[in-house]
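Listed in order, the protein sequences are those of chains A and B. Going by my numbering, the letters in the first sequence line up with residues 10 to 103, in that order. Going by my numbering, the letters in the second sequence line up with residues 20 to 137, in that order. Heads up, the beta-carbon is just placed ideally off N, CA and C, and yes, glycines get one too. Quantities reported herein were computed from a predicted structural model and do not represent experimental measurements. Notes follow the structure.
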Amino acid sequence: MSARFAVGETVTVRVAFPPGHVRTPFFVRGKTGRVTEVLGPYRNPEELAYGRSGEPALPLYRVIFDTADLWDDYQGAAQDTTVVDIYENWLEAP
Amino acid sequence: MSNERSEDGLLRRHHDMGGLPAGPVERNEHDYAPWEKRVDAILRLLADPKRGVLTVDELRRGIEELGPGAYDEMSYYERWIASVTNNLLEKGVITVDELGRRMAEVSAAWPAGTAEKS
């Protein structure tokens with residue numbers, strides 16, 4: 010499966026709250042970051058979690074966010090960043 | 020399901036607590052009780068690619084489904100064994116009857132306060 014996004018591209022995390030097992034933390038949903046690495050295809054953990062094959066594999070990306078964008082009341086340094094690995098089904102072009 | 024409304028009204032699942040206030044991080048290495056090491060070993064054997072009985076994804080899903088009360092009250096390895104147990108029951112690897120009988124045997128053999136050999 011070819012990766013939809015490339016290193017350096019800006020991506021926005023989907024605003025979605027499905028009830029089952031997901032691997033995208035709550036605090037990045039709806040937030041915009043930048044792809045720093047395309048980690049390759051991995052079996053989909055949202056399927057593996059229910060005893061299924063996890064195929065087709067999904068591209069997994071390393072995405073960097075400005076931490077101050079993630080929490081309104083963030084008290085740390087302005088240049089702080091947060092890195093999260095996110096599967097392609099959670100990412101959109103902004 | 021254990022979805023909760025966050026401050027801004029969005030649905031957050033209980034376990035998904037990254038960034039919430041949680042107090043200081045315990046940085047010391049913990050001593051593990053023999054039963055905790057055994058739980059760890061059970062999971063590793065079940066998830067071993069040769070056996071492939073359980074994936075860590077299923078383990079995590081099972082922990083998330085314990086619900087907010089149990090999730091907060093149970094210790095780390097208590098959550099693991101609860102999830103492993105539920106997964107093995109769902110998959111038909113063990114039965115409720117079998118498990119209940121075996122637990123009764125173990126309780127009889129190891130009365131409360133008996134130290135487990137490591």
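Cβ neighbour criterion (16 or more within 10 Å) applied to residue 54(B): Residue mapping note: residue 54(B) aligns to position 35 of the second sequence, counting from 1. Exposed is the call here.
Beta-carbon proximity check, residue 73(A) vs residue 47(A), cutoff 8 Å: One-based indexing of the first sequence puts residue 73(A) at position 64. One-based indexing of the first sequence puts residue 47(A) at position 38. Contact: no.
Boundaries of the alpha helix (DSSP H) in which residue 42(A) is found, first to last residue: As a first step, residue 42(A) must be located in the first sequence, where it is residue number 33. Unbroken run through residue 42(A) is the beta strand (DSSP E), 41-51; no alpha helix (DSSP H).
Partners in chain A for residue 142(B), counting only beta-carbon separations shorter than 8 Å: The requested residue 142(B) is not part of the displayed model; chain B covers only 20 to 137.
Alpha-carbon spacing of residue 100(A) relative to residue 83(B), whole angstroms: Looking up residue 100(A) in the first sequence gives position 91. Looking up residue 83(B) in the second sequence gives position 64. Distance between the alpha carbons of residue 100(A) and residue 83(B): 23 Å.
Range covered by the alpha helix (DSSP H) that runs through residue 78(B): Against the second sequence, residue 78(B) aligns to sequence position 59. Per DSSP, residue 78(B) belongs to the alpha helix (DSSP H) from 75-83.
Pairwise C-alpha distance: residue 70(A) and residue 97(A): Indexing the first sequence from 1 puts residue 97(A) at position 88. Indexing the first sequence from 1 puts residue 70(A) at position 61. Looking at the two C-alpha atoms, the distance is approximately 7 Å.
Pick from 86(A), 82(A), 61(A), 75(A) that is closest to residue 44(A), judged by C-alpha positions: Translated into the one-based positions of the first sequence, residue 44(A) becomes position 35. For residue 44(A), the nearest C-alpha among the options comes from 75(A).
Beta-carbon contacts of residue 42(A) that lie in its chain and below 7 Å, excluding the five residues immediately before and after: Numbered from 1 along the first sequence, position 33 holds the residue referred to as residue 42(A). Contacts found: 20, 72, 73, 74.
Residue(s) in a DSSP beta bridge with residue 68(A): Taking the first sequence and counting its residues from 1, the one referred to as residue 68(A) is at position 59. DSSP, once it has assigned bridges, lists 50(A) as partnering residue 68(A).
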